[in-house]
Every structure is written in structure tokens, then in C-alpha cells.
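Remarks on the structure that follows.
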Amino acid sequence: MFRRANGTMSPDLCYDTCFPSQMTQRSMLPQRTLSSRLLSLVLVVVLSLGLVACDDDDGPGPPPEPPEDPATIAEIVSDSDDFATLLTALQDAGLAETFADEEATFTVFAPNEAAFSPIAVDVLLDQEEALTEVLGYHVIPDTEIAASDLEEGENTVETLSGDELTVVVNDDGVFIEGSEVVETDIEAENGIIHVIDRTLLGNQNLANTAWFVGETGNLYNAVVDAGLAEAFTNAEGWTVFGPNNATFENADLSGFSDEEIQEILQYHVFAEDVVDSGSLLSLLDENDGTVTIETLQGEGLTVAQDGDQIVFNDGQATLDTANLDYTASNGILHVIDGLLLPPSLQEATTIADVVADSDDFSTLLAALQEANLVDALADEEATFTVFAPNNDGFAPINTDVLLGQPDALEAVLGYHVIPDAEIAAADLNEGENTVTTLAGEELTVVVNDDGVFIEGAEVIQTDIEADNGIIHVLDRTLLGNQNLASTAWFVSETNELYNAVVDFGLADAFVNANNWTVFGPNNATFEETDLSGFSEEEVQEVLQYHVFADDAVDSGSLLALLDDNNGEVTIETLQGEDLTITQDGDQIVFNDGDDGPQATLDTANLDYTGSNGILHVIDGLLLPPSFQ
């Protein structure tokens, strides 16, 4: 008997225990009611599930559609805009049905639209036999080769045309004769397609290759017209540097005989080996950037590297290594942008020609013409080294005065020429190099870490080659074989100094001087100075006061002298009185006093070397102390 926690018994429990017969009847009613409720719940769930199932199925429905059959290679090509040209080619060659054969198996290296762009498609489509060969060269029959089936390195396969094809696999991708596989493993019912970025012509001879490449149609025509088609067809292992169409359109070959045109075309051929762009660059790299090869014509062709370009014969033509190499069955074709002429067929380019053809030598040309020296420098049998002043080199010179003095002009020009020698920059030694000029005087060429210099002039361009010598460009005109009087006359800034020297009877002294250093007032100084209050003898003394007669001292030596003497020196002049010289930054100052200096010399200005001294141009008039 169960009791409450407080010890009393529950009335219900007492009832069931105390009256068992009534308990049975009473307990049955609640059990029947529970079973009915459970049954109802089950029915609801079942019905609900049934309704849901009915909503999902809506009846039995149609059977699923069977999968479509995979497309054939022909269908894939036909359905892609990127194979439009390939489709046209297959149709013209009657090969479309071949690639629609569901029982056959092919691996196709399919050129896309971009791959056909370098090809003269109209020409190729008109040549049915060649077209069939070219298309067959892109197809491997009776096998399906996925990209994963190719081994690292070279894979050789036999094509539908019967030729062998080499597929190269490396870290950069998959390549065939320079073309790249840009998409792999397009599966078809009858094989597999790999997309390539250029059309393969590797089973076509060099004549046909030139014909079918869009850029070299004119080369093909020239080869045929010159009677060399058979040679290009039957060649073995040739490397052809083929001028593009524009080159032939712009070239005038009317002055050459048929035999000479043959020679010109043969000069574009290296007949010893097939050399692609990569191998050519490696060869150049191994030979300091320049090689000379013997051509089929027999003369040497100079090949040099300039950045991403390969240059032929110092600029006759260039080959951009980013362009395509066209591999043929019997060689390789590189497209270049110029016509290569054998040395024996080139019109001679003399020093006179180089000067005449350059706008930067227009003043020099006028001087040579005035002195009747053009013919001498045009002599193909002679040899010269010319230090040629450019137009800037003539700027400080009063050319009207110089060109009006025939003897002096010839002497000045001859002072820039070394006869019977071709002296390249590499031939000059470090330090001083003494050479004898055409004028008969010695000239000293100085080579140091800063460059190549002659009497203060700098060689700013070296080694311009001509058939009769070599040219080096100077940034100023040399007057080193002219006396101090003539030097003052020919320098634009000191014409008035020359006039004063002549007018006051000092011309002979300046002509016959020996190692003078002249501080010559510029034209503006004389124009602004009134000398009317001085006698002729006094003006002579004033002019002599501008001369240091003991040595020829250039600006560099003068600065060094000042540096050794705490920035100030006093020199005795030709007039007899002292001249005080000090340094103030980049300027040299003369007779600096309470009222400022009498004159200054900017060391950035030129020194003018004469045969008997040196001339510095200053910006004021120096007066001896006794005149002040």
C-alpha cells in the first residue's frame, strides 16, 4: 500500500486495491480511448504523406531522354566561329566528310582564326594539292592523343600527309614548330582536338612557304622572276632572311642586271644550317653580340643584336625576334624589314657622302665646298680619319669671316683630318695620342676616364664608318693651327679685340707670339668702352696688360694654380704691371677692388687654343694700376 509523504494513503490507489473487480471495469475505458487516438494519429500521418507524394509525382510522367551522341570533329569545327577559316579550308580540300566519319579516329592540331592571319589564305585555298598537304600536316590519323599522353621533351608523330611532326612539351607549354597549343583536349566522337595559334607549313618547301606567308608574297615573285624558284624548292637546310612586301614595293631594282638581282636574293640566304630566332640569339650572345656569316652569294653578312631586334649590316634591315619563324620542309624563313645588299653591289658611301647626307654637318659641308675639299673626301681610293665639327661646333665661330679667308679655311679644315689612316676609337691609347694632320701640324688626342678630347673639344660620337675612312664628331671647331690674331678674328665673341689689335699696331705681335695667354675682352666690352681719352701708346699698353707672355695656361691649369695659392695669384703682364687673379665659385675674377672686379672669366666658357697661345674670353676691360 502506497502512502503520501505525510503517511496518508491516496484515495484512488486505495480504490483500486480495495475493489479489484471495479478496478478492471474502470481501467478498460481509458485504454480503449488511448488506442483510438493513436490509430487516428497514424491515419492522419499516412494520409498526409500520401498527399505529399501525390503532389510530387502528379502521376507516372514520361521516361527520361537518352543522352545525345558526342559531336564529330567536323561538327565541332563547323559549330565554332573560331574555326571559320579552317572549315572553309576543309571544305575546299574536300576533307570535311573525312572528319565527319564516326568510325574513324583522329588527333587534330586545329589552327584558330588568329593562326590563319599571317597566311595568304586566298593563295593557299587556290592550291588544292598544297592545301590538302598543309591540312593533313595538322592531323594524326588512327589515334587519339590527349595532352596527358605527351611526354616531356620531343614527341614525334606521323601525320595524315605522311610527314613526321615533332610536338615539344616543356615547362612553358606544348609547342609545334614555334606554334603553341592554346587549348587542349576538346573531345569528339571520332577523336580529339588541340587548338594551335598558328598554321603549320612545315611540309612545304621554302618557295611555297614564301608564297603562302602573307608578308612575303613579293619575295616569292622575285624568286620566281629571278629564276631561283627551283633552288628554293630543292634547297636543303637553308635559313632565309626574307624581305617583307613593303621592302620590295619601296626598293628600286631597275639599276641592277638579272644576274645582280640573283646575287642580291642569294645574299639573303645562309645555306649551311637551319637557324631559328632562339638559336640565332644564343649564337650572338656567345660572340659578344655580333657574328658574320657567309651567305649563299659568297660575301659576308654581319648580324648583330640590338635589344629585341637583330640588325643586319649596320641597319640595312632588322628582324624583330617577337615575330614568327616560318619552318619549312627544307629550311626556315625569317621576315625582315629591309633589302640586304652585298658589299660588292653597294654604292660607295664616302666621307663626303656622310657629311652631305647629315643635316648636322651642313656648316661643315659649306666649308668643304668653299675650300674645294669635297672631291678629296669623296675619293674612294683614299683613307681618312676626320674629326668633324657638327653645327654646334661651328656656333662660336664667325663662319662668314672664316669662309672668306680661303687659305686659313683650308688650313683649319685640314687640321681636322688625318690622312692615310683609319683610326677607330678603340685604336686610341689612354693618355695622349699624337697624330699628323692633313694640314701638316701635329694634333694631340687625349683619352681619359671622361672621354676623348682634342684641345678642349670633346668627341661626342665615334666611329661613323665610310668606305674611305671614319668620322668622329666634335662639339667645337679646332683653331689650333691659327695664330692668336687669327684666332681672335675667327671667334665670334672677339672680333672687336682683333680690330683693336690691328688698329693699334699689335697684329704682328699677336701673330708671332710664343705661348701667350690672352684674356680677351668680348665684343660687348669694346662696344661699351670709350677709349678716346687714351693715346695710341696707352691703348697698346691696355691691350698688352691683357697678356701673360710666359706660358699658355688653360682654364683647368689656372684653377689648379689658384687652388695651390689659396685662391689668389698675381702675374706680371706683357705690359709690365701686375694683374691680380682670384677665384669666386665657378668664376675667375680680375683686379677685384672696392668697386668690384674689372672683369670675370666664366670657367664654363671655352678656351680657344691657337698655334702660339691660348685665348680666354672675359667680360670687361683690364686697366693697369698706373692708368687708374
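All residue numbers for the sequence shown refer to the UniProt record's numbering, where the first residue is 1 and numbers rise by one.
Where a beta carbon is used, it is the ideal one built from N, C-alpha and C, also for glycine.
Exercise for the section: From the DSSP output, read off the bridge partner residues of S179. Expected result: Counting from one through the sequence shown, the residue named residue 179 turns up at place 179. Here S179 is bridged, per DSSP, to I176.
Problem - Inter-stretch contact (C-beta, 8 Å, three-pair minimum) for the region 201 to 221 and the region 116 to 133 - result: Judged by Cβ distances under 8 Å, the region 201 to 221 makes contact with the region 116 to 133, as three or more pairs qualify.
Handout entry: Residue interval of the beta strand (DSSP E) (run including V447)
Key = Your numbering for residue 447 matches position 447 in the sequence shown. Segment 442 to 448, the beta strand (DSSP E) holding V447.
Exercise for the section: Count the other CB atoms, across all protein chains shown, that sit within 10 Å of the CB of G585; report buried if there are 16 or more and exposed otherwise. Expected result: Along the sequence shown, read from residue 1 onward, the residue named residue 585 stands at position 585. Exposed, by the Cβ-count rule.
Handout entry: Length of the line joining the Cα atoms of T517 and A552
Key = In the sequence shown, residue 517 corresponds to position 517, counting from 1. In the sequence shown, residue 552 corresponds to position 552, counting from 1. Rounded to whole angstroms, the separation of the alpha carbons of A552 and T517 is 5 Å.
Practice task
Tell me where the alpha helix (DSSP H) around I76 begins and ends.
Solution key: To locate residue 76, count along the sequence shown from 1; it is residue 76. Element bounds for I76: 73 to 79.
Problem - DSSP three-state assignment for E158, whether helix, strand or coil - result: To locate residue 158, count along the sequence shown from 1; it is residue 158. Strand.
Handout entry: Contacting residues, own chain, Cβ-Cβ under 8 Å from A210 (five flanking each side not counted)
Key = Translated into the one-based positions of the sequence shown, residue 210 becomes position 210. Non-local C-beta neighbours of A210 in its own chain, meaning closer than 8 Å and more than five positions away in sequence, comprise T216, G217, L219, Y220, V223, F232, V240, G242, L333, ordered along the chain.
Problem - Classification of T290 by the beta-carbon crowding that lies within 10 angstroms, buried from 16 upward - result: Position 290 of the sequence shown, counting from 1, holds the residue named residue 290. Within a 10 Å sphere around the beta-carbon of T290 sit fewer than 16 other beta-carbons, which makes this residue exposed.
Practice task
Would you kindly report the start and end of the unbroken alpha helix (DSSP H) that includes L377?
Solution key: As a position in the sequence shown, residue 377 is number 377, starting the count at 1. In the DSSP assignment, L377 falls within the unbroken alpha helix (DSSP H) covering 374 to 377.
Practice task
Count the other CB atoms, across all protein chains shown, that sit within 10 Å of the CB of T33; report buried if there are 16 or more and exposed otherwise.
Solution key: Taking the sequence shown and counting its residues from 1, the one referred to as residue 33 is at position 33. With a pLDDT of 37 at T33, under the threshold of 50, the predicted position of this residue should be treated as unreliable, though the coordinate-derived value follows. So T33 ends up on the exposed side.
Practice task
Pull up the DSSP beta-bridge partners for Y326, would you.
Solution key: Position 326 of the sequence shown holds residue 326. Partner(s): L333.
Handout entry: Cα-Cα separation between D578 and N433, rounded to whole angstroms
Key = In the sequence shown, counting from the first residue as 1, residue 578 sits at position 578. In the sequence shown, counting from the first residue as 1, residue 433 sits at position 433. In this model, D578 and N433 are separated by some 37 Å (Cα to Cα).
Exercise for the section: Determine the closest residue to A352 out of Q544, A376, L339, S329, with distance taken between C-alpha atoms. Expected result: Your numbering for residue 352 matches position 352 in the sequence shown. It is A376 whose Cα lies nearest to the Cα of A352.
Exercise for the section: Kindly indicate which three-state DSSP category P342 falls into: helix, strand or coil? Expected result: For the purposes of this step, residue 342 is taken as residue 342 along the sequence shown, with counting starting at 1. P342 falls in the coil class under three-state DSSP.
Handout entry: Exposure of N565, with buried meaning 16 or more beta-carbon neighbours within 10 Å
Key = By 1-based counting over the sequence shown, the position of residue 565 is 565. By the neighbour-count rule (16 or more Cβ atoms within 10 Å), N565 is not buried but exposed.
Exercise for the section: Between the Cα of D420 and those of V169, L413, L438, V401, spot the shortest distance and give me the residue it belongs to. Expected result: For the purposes of this step, residue 420 is taken as residue 420 along the sequence shown, with counting starting at 1. Comparing Cα positions, the closest option is L438.
Problem - Endpoints, the beta strand (DSSP E) within which I618 is located - result: Here residue 618 corresponds to residue number 618 of the sequence shown, with the count starting at 1. Here the beta strand (DSSP E) through I618 covers 613 to 618.
Exercise for the section: Would you decide whether I618 is buried or exposed? Buried here means 16 or more other CB atoms lie within 10 Å of its CB. Expected result: Translated into the one-based positions of the sequence shown, residue 618 becomes position 618. So I618 counts as buried.
Practice task
Tell me whether T609 sits in a helix, a strand or coil according to DSSP, three-state version.
Solution key: As a working mapping, residue 609 is identified with position 609 in the sequence shown. If DSSP states are grouped into helix, strand and coil, T609 belongs with the strands.
Handout entry: Where the beta strand (DSSP E) through F241 begins and ends
Key = Looking up residue 241 in the sequence shown gives position 241. Counting along the chain, the unbroken beta strand (DSSP E) around F241 starts and ends at 238 to 243.
Handout entry: Beta-ladder partner(s) of T434, from DSSP
Key = Indexing the sequence shown from 1 puts residue 434 at position 434. Beta bridge pairing from DSSP links T434 with T444.
Practice task
Grab the span of the alpha helix (DSSP H) containing P406 for me, first residue to last.
Solution key: If you number the sequence shown from 1, residue 406 lands on position 406. For P406, the enclosing alpha helix (DSSP H) has its first and last residue at 406 to 414.
Problem - Member of Q266, D288, G338 whose CA lies at the smallest distance from the CA of E249 - result: In the sequence shown, residue 249 corresponds to position 249, counting from 1. For the residues Q266, D288, G338, the minimum Cα distance to E249 belongs to G338.
Practice task
Return the chain-ordered list of same chain residues with a C-beta closer than 7 Å to the C-beta of L561, the five sequence neighbours on each side being excluded.
Solution key: As a first step, residue 561 must be located in the sequence shown, where it is residue number 561. Once the five neighbours on either side are set aside, the close Cβ partners of L561 are V569.
Problem - G217 (DSSP reduced to helix, strand or coil) - result: Sequence index remark: in the sequence shown, residue 217 carries index 217 (1-based). Note: G217 maps to helix in three-state DSSP.
Problem - Reduced DSSP secondary structure (H/G/I, E/B, other) of L38 - result: Working through the sequence shown from its first residue, we reach residue 38 at position 38. Only weak support is given to the placement of L38: the predicted model assigns it a pLDDT of 33, under 50, and the value that follows is read from those uncertain coordinates. Three-state DSSP puts L38 in a helix.
Problem - E230, DSSP secondary structure in three states - result: Within the sequence shown, residue 230 is the residue found at index 230, counting from 1. E230: helix per DSSP, three-state reduction.
Exercise for the section: Mark F519 as exposed unless 16 or more other C-beta atoms lie within 10 angstroms of its C-beta, in which case mark it buried. Expected result: One-based indexing of the sequence shown puts residue 519 at position 519. Answer is buried; the Cβ neighbour count reaches 16.
Practice task
May I ask you to report which of helix, strand or coil DSSP gives E272?
Solution key: As a first step, residue 272 must be located in the sequence shown, where it is residue number 272. In the structure shown, E272 sits in coil (DSSP, three-state: anything other than H, G, I, E or B).
Exercise for the section: Note the first and the last residue of the continuous alpha helix (DSSP H) segment covering N591. Expected result: Here residue 591 refers to the residue found at position 591 when the sequence shown is read from its first residue. No alpha helix (DSSP H) contains N591, which DSSP labels as neither H nor E.
Problem - Segment contact flag, the region 364 to 378 with the region 278 to 285, C-beta cutoff 8 Å, min 3 pairs - result: Short answer: they don't touch.
Exercise for the section: Consider the C-beta atom of N429 and the heavy atoms of the ligand ATP; say whether any pair is separated by less than 7 Å. Expected result: By its list of ligands, the structure shown contains no ligand whatsoever, and the ligand ATP lies outside what it can speak to.
Exercise for the section: Sort S557, I470, F526 by Cα distance to T494 and report the nearest one. Expected result: In the sequence shown, counting from the first residue as 1, residue 494 sits at position 494. Each of S557, I470, F526 was checked against the Cα of T494, and the nearest Cα belongs to F526.
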